[in-house]
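**Q** First, the structure itself, so that you have it in front of you.
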Amino acid sequence: MPDPWQSIIFDDPRSEHPMLPLVIKVMHCIYRTVNPTRPPPPTVMKWRYSQSLSYLVNEDGYVPSIVILNLREGKRDSTMKTLFTINLNTMTVNDRARNRHFPVPNEIGSSLRDLDEYVRKAVREKKEADVEEARRREREREEHMTRLQVFYRCLFDKGLIDGDYGKPFSIDSLLCPICSSRQTSCSKCRIISCSNSDCAASSAVPIVRCSRAFHQARQFCTSCLESPGSLPQLGKCPICLRLFCAGELSWCVGRPISNDGGLATSSSNPDVSGITRVHPARPLSCNTTACMPNSQDGRRDGRQCSNPECWSIRLCSTKVCPECITQDSFSCPCGRYWTCGSCEPQSSTVRRLLTCPRCLQCFCTLCSYIKACGLCRRVGLCNDCIEEVSHEAEHTLGGNLLFKCQNCQGHLCNACNDVGKSCRICSQILCKICEESEECKRCAHLRRVCDSPVLVRMRLNHSY
Numbered sequence: 001m002p003d004p005w006q007s008i009i010f011d012d013p014r015s016e017h018p019m020l021p022l023v024i025k026v027m028h029c030i031y032r033t034v035n036p037t038r039p040p041p042p043t044v045m046k047w048r049y050s051q052s053l054s055y056l057v058n059e060d061g062y063v064p065s066i067v068i069l070n071l072r073e074g075k076r077d078s079t080m081k082t083l084f085t086i087n088l089n090t091m092t093v094n095d096r097a098r099n100r101h102f103p104v105p106n107e108i109g110s111s112l113r114d115l116d117e118y119v120r121k122a123v124r125e126k127k128e129a130d131v132e133e134a135r136r137r138e139r140e141r142e143e144h145m146t147r148l149q150v151f152y153r154c155l156f157d158k159g160l161i162d163g164d165y166g167k168p169f170s171i172d173s174l175l176c177p178i179c180s181s182r183q184t185s186c187s188k189c190r191i192i193s194c195s196n197s198d199c200a201a202s203s204a205v206p207i208v209r210c211s212r213a214f215h216q217a218r219q220f221c222t223s224c225l226e227s228p229g230s231l232p233q234l235g236k237c238p239i240c241l242r243l244f245c246a247g248e249l250s251w252c253v254g255r256p257i258s259n260d261g262g263l264a265t266s267s268s269n270p271d272v273s274g275i276t277r278v279h280p281a282r283p284l285s286c287n288t289t290a291c292m293p294n295s296q297d298g299r300r301d302g303r304q305c306s307n308p309e310c311w312s313i314r315l316c317s318t319k320v321c322p323e324c325i326t327q328d329s330f331s332c333p334c335g336r337y338w339t340c341g342s343c344e345p346q347s348s349t350v351r352r353l354l355t356c357p358r359c360l361q362c363f364c365t366l367c368s369y370i371k372a373c374g375l376c377r378r379v380g381l382c383n384d385c386i387e388e389v390s391h392e393a394e395h396t397l398g399g400n401l402l403f404k405c406q407n408c409q410g411h412l413c414n415a416c417n418d419v420g421k422s423c424r425i426c427s428q429i430l431c432k433i434c435e436e437s438e439e440c441k442r443c444a445h446l447r448r449v450c451d452s453p454v455l456v457r458m459r460l461n462h463s464y
């Protein structure tokens with residue numbers, strides 16, 4: 001029969017137990033009261049002074065029937081001996097070594113009452129937690145019973161079991177009534193099916209799971225695969241035909257179409273009211289090393305639109321499939337910027353593009369083929385046009401020819417810069433911005449070199 005007594009042990013001064021200071025205070029007082037000439041123990045310790053609160057719980061489990069504080073003493077590698085017991089119900093001390101009882105000293109009365117209240121609170125909270133846990137388990141059992149009845153009814157309706165399907169199996173059964181394999185359930189709605197893929201029950205209530213070994217606990221019935229407002233829970237890679245969690249795939253959510261049949265210019269949410277899609281969310285490829293190169297080579301994985309307001313920008317794994325690319329898509333000659341088409345207004349200022357004033361070719365702002373004035377943002381000629389124009393034509397182009405500063409490597413148009421200004425020290429040509437800030441990188445570099453410790457020592461040595 002298990003010991004009905006429960007204990008809270010204080011034998012480690014580093015435990016930081018909230019009641020430890022009170023226990024030490026009571027211990028000091030009792031030792032001084034019994035033998036004033038003997039110094040009390042400084043603190044608790046595992047192998048010398050180990051104290052404990054022992055208590056019995058009433059049948060209802062909510063309150064302790066008795067609480068005892070045990071003051072024990074012993075030696076290393078020997079049995080710990082209880083010297084004093086303090087009954088917190090009667091507030092009396094039992095000196096077991098001298099076989100006598102005496103009332104609790106007044107100076108520790110409040111400390112002992114606090115210890116008693118602490119035990120009572122701990123017992124009450126534990127009982128309440130046990131009751132709540134029992135209720136939770138009962139709710140789970142009732143929910144499992146309901147789901148199991150739905151499972152059996154589905155098998156009965158499909159003719160897989162007879163009318164006595166409930167008799168061979170307990171309502172708490174975790175086995176399939178057809179093949180006796182373990183049951184499984186959808187991670188979302190908890191509908192029950194059979195874990196044996198060859199069993200007819202698993203076909204009656206199909207549940208699919210991610211093919212990743214460490215994701216197989218993520219399994220869903222077919223009705224829970226689609227989640228409103230987000231990507232499907234699982235998707236099938238069109239290359240290897242395996243199922244993966246949504247995060248393991250790259251997707252195209254489908255270009256939105258407005259109510260009038262035209263292309264919508266926003267809405268990255270596939271379930272916005274009043275917006276339909278060219279197609280539902282579609283997996284393009286999985287992220288395995290076998291499928292990613294194949295999908296990229298054939299452009300089957302789609303492309304990432306550079307427009308931050310594009311309908312396709314939802315997650316790092318969403319792209320634009322070939323079906324959703326429109327004829328007005330744009331690709332910068334540098335290859336670093338691409339937009340899928342009418343996902344945004346066609347204004348080059350909105351698109352953050354630069355248009356060559358001569359050939360009207362568009363470029364992205366990071367493109368090395370064209371530059372803009374750092375002050376007025378006037379766009380200069382692209383590299384191809386600069387090579388094609390004659391020397392005479394250069395004068396007629398005026399502000400469309402940009403001056404490159406030799407100092408900061410920035411570009412300014414002739415209207416914003418007085419060409420010909422130079423550094424007063426090294427004569428390097430500077431732009432207007434550098435000339436006004438009086439910052440010449442060449443001179444600054446020369447000063448750093450000249451003031452380096454090595455050259456300073458060389459100059460000092462040479463002077464001697």
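Just so we're aligned, residue 1 is where the sequence shown starts under UniProt numbering, counting upward by one.
All residues carry an ideal CB built from backbone N, CA and C; glycine is no exception.
(1) Ignore the nearest five residues each way along the sequence and tell me which others in V34's own chain have a CB closer than 7 Å to its CB.
(2) Quick one: what does DSSP say residue 473 is sitting in, helix, strand or coil?
(3) Taking the DSSP output, what are the residues bridged to Q219?
(4) Consult DSSP for R336 and reduce its assignment to one of helix, strand or coil.
(5) Could you tell me the alpha carbon to alpha carbon distance between T43 and I68, rounded to whole angstroms?
(6) Please return the same chain residues whose Cβ sits closer than 7 Å to the Cβ of A200, not counting the five positions on each side in sequence.
(7) Leaving aside the five residues before and after C224 along the sequence, list all residues of the same chain whose C-beta is less than 6 Å from its C-beta, in chain order.
(8) Who are the Cβ neighbours of G302 in its own chain at under 6 Å, not counting the five residues just before and after it?
(9) What first and last residue would you give for the alpha helix (DSSP H) that runs through K319?
(10) Using the beta-carbon count (16 or more within 10 Å), is E388 buried or exposed?
(11) Under 8 Å, with one C-beta from each stretch per pair, do the segment 111–129 and the segment 85–102 reach the 3-pair mark?
(12) When the Cα atoms are used, what is the spatial distance from A204 to T146?
(13) Out of curiosity, what's the CA-to-CA distance linking F220 and L243?
(14) Alpha carbon to alpha carbon, how far is K46 from N70?
(15) What is the DSSP secondary structure of Y152, reduced to helix, strand or coil?
(16) Compute the distance between the beta-carbons of A281 and C240, then report whether it is under 8 Å.
(17) Please identify the residue among R136, A129 and C385 whose C-alpha is closest to the C-alpha of T355.
(18) Do F363 and L353 have their beta-carbon atoms positioned less than 8 Å apart in this structure?
(19) Can S7 and S50 be called in contact, C-beta distance under 8 Å?
(20) Name, in chain order, the residues that DSSP records as bridge partners for N58.
**A** Walking through what the data contain:
(1) Along the sequence shown, read from residue 1 onward, the residue named residue 34 stands at position 34. The answer, listed in chain order, is D95.
(2) The question about residue 473 has no answer, for the chain in this structure spans 1 to 464.
(3) Position 219 of the sequence shown, counting from 1, holds the residue named residue 219. Per DSSP, R209.
(4) Walking along the sequence shown from the start, residue 336 turns up at place 336. Under the three-state reduction of DSSP output, R336 falls in the coil class, being neither helix nor strand.
(5) Counted from its first residue, the sequence shown places residue 43 at position 43. Counted from its first residue, the sequence shown places residue 68 at position 68. Distance between the alpha carbons of T43 and I68 is about 19 Å.
(6) Residue 200 sits at position 200 when you count from the first residue of the sequence shown. The beta carbon of A200 sits closer than 7 Å to the beta carbons of L160 and I178 from its chain, once the five residues preceding and following it are set aside; these are given in chain order.
(7) Taking the first residue of the sequence shown as 1, we reach residue 224 at position 224. Residues C186, K188 and C189 of the same chain have their beta carbon placed closer than 6 Å to that of C224, with the five preceding and five following residues left out of the count.
(8) The residue labelled residue 302 in the question sits at position 302 within the sequence shown. Counting only Cβ-Cβ distances below 6 Å, and skipping sequence neighbours, we find C252, L284, K319, V320 and C321.
(9) Here residue 319 refers to the residue found at position 319 of the sequence shown. Segment: none, K319 is in no alpha helix (DSSP H) and carries neither H nor E.
(10) Locating residue 388 in the sequence shown gives position 388, counting from the first residue. A residue is called buried once 16 or more other Cβ atoms fall within 10 Å of its Cβ, and E388, having fewer, is exposed.
(11) Cβ pair count under 8 Å is three or more, so yes.
(12) As a first step, residue 204 must be located in the sequence shown, where it is residue number 204. As a first step, residue 146 must be located in the sequence shown, where it is residue number 146. The alpha-carbon atoms of A204 and T146 are separated by roughly 18 Å.
(13) On the sequence shown, residue 220 is found 220 positions in, with the first residue counted as 1. On the sequence shown, residue 243 is found 243 positions in, with the first residue counted as 1. Near 11 Å, if we compare the C-alpha coordinates of L243 and F220.
(14) Locating residue 46 in the sequence shown gives position 46, counting from the first residue. Locating residue 70 in the sequence shown gives position 70, counting from the first residue. K46 and N70 have their C-alpha atoms roughly 14 Å apart.
(15) By one-based count along the sequence shown, residue 152 stands at place 152. Helix, per DSSP.
(16) Numbered from 1 along the sequence shown, position 281 holds the residue referred to as residue 281. Numbered from 1 along the sequence shown, position 240 holds the residue referred to as residue 240. Not closer than 8 Å, so no.
(17) Here residue 355 is taken as the residue at index 355 of the sequence shown, counted from 1. When only C-alpha atoms are compared, the closest one is C385.
(18) Here residue 353 is taken as the residue at index 353 of the sequence shown, counted from 1. Here residue 363 is taken as the residue at index 363 of the sequence shown, counted from 1. For L353 and F363, yes; Cβs fall inside 8 Å.
(19) In the sequence shown, counting from the first residue as 1, residue 7 sits at position 7. In the sequence shown, counting from the first residue as 1, residue 50 sits at position 50. Inclusion of S7 and S50 in the CB contact set at 8 Å is not warranted, their separation being larger than that value.
(20) Start at 1 with the first residue of the sequence shown, and residue 58 comes out as number 58. The partner list for N58 (beta bridge, DSSP) is empty, contrary to what the question assumes.
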